[in-house]
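Below is one structure; the comments refer to it alone.
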Amino acid sequence: MELPSSYDPKQAEDKWYRLWEQGNYFHAGEDDGKEPYCIVIPPPNVTGTLHIGHALNNTLQDILTRWQRMMGKSALWMPGMDHAGIATQNVVERLLKEEGKSKDDLGREAFEKRVWEWKEHSGGQIQNQLRRLGSSCDWERERFTLDKGLSRAVHTVFASLYKEGLIYQGYRIINWCPRCETALSDIETEYQDLEGHLWHIRYPLAGSKDSIVVATTRPETMLGDTGVAVNPDDERYKDIVGKMVILPLMNRQIPIFADHFVDKEFGTGLVKVTPAHDPNDFDMGKRHGLEEINILHKNGFINENGGPYKNLSRFDARKKVVEDLEKLGLLVKIEKHQHAVGHCYRCRTIIEPYLSKQWFVKIQPLADAAIQAVEVGKIRFVPKSWEKTYFEWMRNIRDWCISRQLWWGHRIPAFYCDDCGHITVQVEDPMECEKCKSKNIRQDNDVLDTWFSSGLWPFSTLGWPDKTPALDKYYPTSVLVTAFDIIFFWVARMIMLGLKFMGDVPFRDVYIHALIRDEQGAKMSKSKGNVIDPLIMMEQYGTDALRFTLAMLAAQGRDIILSEKRIEGYRTFCNKIWNATRFILMNLGDDFTHRELVPDELEVFDRWILHRLNETIRDVQRGFEEYKFNDSAHAMYTFWWHEFCDWYIELTKQRLYAKDAENARSSETAKQVLFHILRKSIQLLHPFMPFITEEIWDKIKDRNEDLVLVSKWPAPRGEFDFVKESEETALFQEFVYRIRNIRGEMNIPPDKKAAVVFKTGSEKLAAIIQREEVHIKALAKVDTIAIDANYTPASTDASAVINDVEIFIPLKGLIDFDKERARIDKEIVRARAELEKVEKKLSNENFTGKAPADVIENEKTKLSDYTEMLQKLEQSRAKFN
RNA sequence: GGGCAAUUAGCUCAGUCGGUUAGAGCGCCUGCCUCACAUGCAGGAGGUCGAUGGUUCGAGUCCAUUAUUGCCCACCA
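Residue numbers (my numbering): 4 to 884.
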């Protein structure tokens, strides 16, 4: 069978994904009688297309799913997408803006329809991208956070928490985005240190010539000031506590009061208090019964409470206020001041602390259980260091503001009665007020935080609140694979809500993978233009190359710096896999049938490569178990390229090409082993490289055999652990390597075959050399080999030392004395350095007295080896004197 | 203001329980189009493991201090 000389990803990728899907291979059944393994996808936002971070995230999930499927589990990878409330609404608003329209022009209903249209578009793209990536999701179970079933889960949870008093309405300061015109939770506000100013403003005391000076970073908020606070222990201001000041610009009298919150050291020690626009001021206002004056419209413009500043934007108002104060001579000084300013995490607009009525989740009771689950190890973070981050946040958690003044999302299932004012909250939309039975009820206009529904994802997708077989089988799920940036947003919420409503954790493991950065280490973002588009990479290098690259870079606990060069590099690995397969298939012959390997027929290198296969299987398996994908990938890479291809395949050539009858059996055995290694390797590679492996498997599988995707994961076989043969092979490789080294250093061209003399007193080693003569000749490009225990080297011989063997290559006329001298000198320096190190160790009584026996024994062996080597090297060196 | 992580070859990174000559890929240098692959083969150069101190017979690995970088969290106006 002849394969093309390079692998063509495009046709394979198309073909196999279609076949997998048509064959229903990704479906995991509740009733398949297999042990469950389940991953729920972190649902991508339907805001656009997938970026390289998604490619990493989904590649890792697919690797785990495919591995577990081959391990014989009922492996369910639950796919779906997130409506992503504020993010998606923003995207559609931007589209409308391009058309010169706003969401208010359309109205709520039409706008929602428009977002659904967008969702179809974006969702379709995402599905396609996941397919391109080879994701083996159980598509027939796909869910969307706004699906009917999931909405019912949301209503059920909301109603339940409300009845329990864990959801309540509160009138307080929240984070407000004046652009999105909605409340945000604390973690949706991103703080950024900005260079600002500290304005010192003079407030005249009422009925006096005296005045005080307050300092503020937000002078415009003074329009809503209703007090000035000092620390009760501040001697400077003892006398004025209880007096009134006249608020400039607004000309109203406000009281000076004492509160421990005030820091005497900061600014002037006097704080202007704006209860409606600062959370601390709000608290102080409550303590001291201050009026709360809201000076802002929802869009961030000054409202009627701002007097002459009405209808100015908050930024213009700041300028104007400062100007006016200056005119009045009340601006004492302006200092530069760096402070953290909150920004909307979706539109980057500066957040305003804003007083409003919102829905909150009382989080503490939920958090306690969630903390405990991780403490007792019911959930394991990998890497473990993330547990600390989790605990830190959970132990300082504050109530969660869940209402959003948006249109896209789950509308809050609370109905207000216009007659009696009662709020009816229930799972199904009520027809009447549950208290007074009035039909005069209105549903709350707000929607829920998008993370409220994603917090239910691990069980809502499996059918909850119904008791479904899927839920029964797959919950708790096995592992959550995600990046650290959504531990608070999502992971913590899933744990809290899972424990609350399922009575069990949502997943056993949380594997936190790295973020991908560009070559300079910067975060990838569209605005910076440094994004690596996974689609383009797949197009250019093939999906398998991209996936393998991502797996290879997925070392735990650090960010990934990705360059296109890397992906290109692993494309060559795909090619290597392809070509080695091609070589094997070309050489098997048409009448080849594979059969069980017979240990007695195996030659030393067969045994060695089988032993290495065993070790590789163990390494790959261990890597997967510990979520060390790079270890698994690296084990496969090294095994395939540097052991199987570089050595084993090269070694089989002598056996395959020899035509004499004597070699027929050896050749047949080699074919069997080549085929065996190929099959197992293709299986081991499948989780990383689903397409090329399926393509190859198709050409090597038995007639009635199914796809590699459902083949049985290789297990190491005890009867193939050949330690002795592996040691012999290492020695053989050393011989070849030393001869090649001499050739390389001496620049002897490949077509110039060398003659080699092995000088050794060891009969055992002589026997090995003799047995492998043909292979040494082929791999080291040698034409004659002599074994001579009493060989006297000529001055024109190049030489090398390995344990009890000296290798001499007579290079009459070819040898470059200077080069050879330099080469030997280098060896001598190295050996001498090692010898000294060993001698020093062994002469140290502390060492010989305290180190374990095997370590000491090891050092002693080294001592004699190096001593002997040095002696031989020096003899060779002496020829040049 | 707290907390976390990183620092190993020119670049990007591995390095398990403290114990062979600290590894890989890319890049670089030399020689090869050898009948699977030039997306290849063979050889080579390149490291006082950020710094200082400590523990230990022995430290890239453990501890302390420190420097630099990155990230997260935090209501001081």
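Every residue, glycine too, gets a C-beta built ideally from N, C-alpha and C.
Going by DSSP, what residues sit across from residue i in a beta bridge?
{"i": "residue 813", "result": "800"}
{"i": "residue 247", "result": "258"}
{"i": "residue 77", "result": "39"}
{"i": "residue 624", "result": "None; residue 624 has no bridge partner."}
{"i": "residue 186", "result": "179"}
{"i": "residue 485", "result": "515"}
{"i": "residue 427", "result": "418"}
{"i": "residue 171", "result": "363"}
{"i": "residue 446", "result": "418"}
{"i": "residue 48", "result": "85"}
{"i": "residue 510", "result": "480"}
{"i": "residue 459", "result": "Per DSSP, none; premise fails for residue 459."}
{"i": "residue 879", "result": "Its beta-bridge partners do not exist; DSSP assigns none."}
{"i": "residue 616", "result": "Answer is none; residue 616 lacks a bridge partner."}
{"i": "residue 451", "result": "406"}
{"i": "residue 316", "result": "304"}
{"i": "residue 556", "result": "Bridge partners of residue 556: none, in fact."}
{"i": "residue 338", "result": "201"}
{"i": "residue 808", "result": "763 and 805"}
Would you mind giving the Cβ-Cβ distance between residue i and residue j, rounded to the nearest angstrom? I have them listed as a contact below 8 angstroms.
{"i": "residue 879", "j": "residue 827", "result": "6 angstroms"}
{"i": "residue 259", "j": "residue 244", "result": "6 angstroms"}
{"i": "residue 49", "j": "residue 195", "result": "Residue 49 to residue 195, Cβ: 27 angstroms. No contact."}
{"i": "residue 765", "j": "residue 807", "result": "5 angstroms"}
{"i": "residue 99", "j": "residue 105", "result": "6 angstroms"}
{"i": "residue 83", "j": "residue 147", "result": "6 angstroms"}
{"i": "residue 60", "j": "residue 516", "result": "7 angstroms"}
{"i": "residue 722", "j": "residue 602", "result": "6 angstroms"}
{"i": "residue 742", "j": "residue 759", "result": "6 angstroms"}
Tell me the residue span of the beta strand (DSSP E) that contains residue i.
{"i": "residue 258", "result": "255-261"}
{"i": "residue 465", "result": "Looking at the DSSP string, residue 465 is not in any beta strand (DSSP E), and its letter there is neither H nor E."}
{"i": "residue 419", "result": "417-420"}
Counting along the chain, where does the alpha helix (DSSP H) carrying residue i start and finish?
{"i": "residue 54", "result": "From DSSP, residue 54 is part of no alpha helix (DSSP H); its letter is neither H nor E."}
{"i": "residue 846", "result": "820-846"}
{"i": "residue 640", "result": "632-640"}
{"i": "residue 434", "result": "Note, residue 434: premise wrong, no alpha helix (DSSP H); not H, not E."}
{"i": "residue 660", "result": "653-660"}
{"i": "residue 493", "result": "Per DSSP, residue 493 belongs to no alpha helix (DSSP H) and is neither H nor E."}
{"i": "residue 674", "result": "667-688"}
{"i": "residue 22", "result": "12-25"}
{"i": "residue 539", "result": "537-544"}
{"i": "residue 34", "result": "No alpha helix (DSSP H) holds residue 34; DSSP gives it neither H nor E."}
{"i": "residue 106", "result": "106-109"}
_Sufficient close CB pairs (3 or more, under 8 angstroms) joining the region 416-424 to the region 439-446_ = When C-beta atoms of the region 416-424 are compared with those of the region 439-446, three or more pairs fall below 8 angstroms, so the two segments count as touching.
*Pairing CB atoms from the region 532-552 with CB atoms from the region 183-193, are three or more of them under 8 angstroms?*
Judged by pairs of C-beta atoms under 8 angstroms, the region 532-552 does not touch the region 183-193, as fewer than three such pairs exist.
*Pair every Cβ in the region 598-611 with every Cβ in the region 663-679, then say whether three or more of these pairs are closer than 8 angstroms.*
Contact annotation: the region 598-611 touches the region 663-679, with at least three C-beta pairs closer than 8 angstroms.
*asked:* Using 8 angstroms as the cut-off, can you tell me whether the region 496-510 makes contact with the region 450-462, which would need three or more C-beta pairs spanning the two stretches below that distance?
replied: Contact holds between the region 496-510 and the region 450-462, because three or more Cβ pairs, one in each stretch, are under 8 angstroms apart.
_Does the structure place the region 204-222 close enough to the region 503-519 that three or more beta carbon pairs sit under 8 angstroms?_
Fewer than three Cβ pairs drawn from the region 503-519 and the region 204-222 lie within less than 8 angstroms of each other, which leaves the two stretches out of contact.
*Any beta strand (DSSP E) of 3 or more consecutive residues that is wholly inside the region 122-158*: You should have found no qualifying run.
*asked:* Taking contact to mean 3 or more Cβ pairs, one atom from each stretch, closer than 8 angstroms, check whether the region 324-343 and the region 172-187 are in contact.
replied: When C-beta atoms of the region 324-343 are compared with those of the region 172-187, fewer than three pairs fall below 8 angstroms, so the two segments do not count as touching.
_Does the contact criterion of 3 or more C-beta pairs under 8 angstroms hold for the region 10-23 versus the region 545-563?_
Contact holds: three or more Cβ-Cβ distances are below 8 angstroms.
*With a floor of 3 residues, list each beta strand (DSSP E) that falls wholly inside the region 703-791, ordered by position along the chain.*
Within the region 703-791, the complete beta strand (DSSP E) runs of at least 3 residues are 757-763 and 785-790.
*Report yes or no: do the region 690-700 and the region 17-35 share at least 3 C-beta pairs separated by less than 8 angstroms?*
Taking a contact to require three or more Cβ pairs closer than 8 angstroms, the region 690-700 and the region 17-35 qualify as touching.
*Could you tell me whether the region 647-664 touches the region 396-412, using the rule of 3 or more Cβ pairs below 8 angstroms?*
No, because fewer than three Cβ pairs between the region 647-664 and the region 396-412 fall closer than 8 angstroms, the two stretches do not touch.
*Spell out a yes or no on whether the region 215-223 and the region 269-284 are touching, meaning 3 or more CB-CB pairs, one atom from each, closer than 8 angstroms.*
Yes, they touch.
*How do the region 59-73 and the region 713-727 stand: do at least 3 beta-carbon pairs fall below 8 angstroms, yes or no?*
Yes: the two stretches touch, three or more of their Cβ pairs being nearer than 8 angstroms.
_To test your reading of the DSSP string, which unbroken beta strand (DSSP E) runs of 3 or more residues are found completely within the region 342-424?_
Whole beta strand (DSSP E) segments, 3+ residues: 355-364, 383-385 and 417-420.
_So, does the region 49-62 touch the region 370-377, judging by three or more C-beta pairs under 8 angstroms?_
No, the region 49-62 does not touch the region 370-377.
*Quick one: complete beta strand (DSSP E) runs, 3+ long, within the region 182-235?*
DSSP assignment within the region 182-235 yields the following whole beta strand (DSSP E) runs of 3 residues or more, N-terminal first: 185-187, 192-207, 214-219 and 230-233.
*asked:* Ignoring anything shorter than 4 residues, give me the alpha helix (DSSP H) runs that lie fully in the region 257-312, in order along the chain.
replied: The region 257-312 contains these whole alpha helix (DSSP H) runs: 282-291.
_Across the region 150-162 and the region 130-139, are there enough close Cβ pairs to call them in contact, namely three or more that are closer than 8 angstroms?_
The region 150-162 vs the region 130-139: no contact.
*Kindly confirm or deny that the region 724-734 and the region 611-631 touch, where touching means at least three C-beta pairs closer than 8 angstroms.*
Yes: at least three Cβ pairs fall under 8 angstroms.
_Give the list of continuous alpha helix (DSSP H) stretches no shorter than 4 residues that lie fully inside the region 566-609._
Fully enclosed alpha helix (DSSP H) runs of 4 or longer: 567-591.
*Between the region 751-765 and the region 789-796, do at least 3 Cβ pairs fall closer than 8 angstroms?*
Yes: at least three Cβ pairs fall under 8 angstroms.
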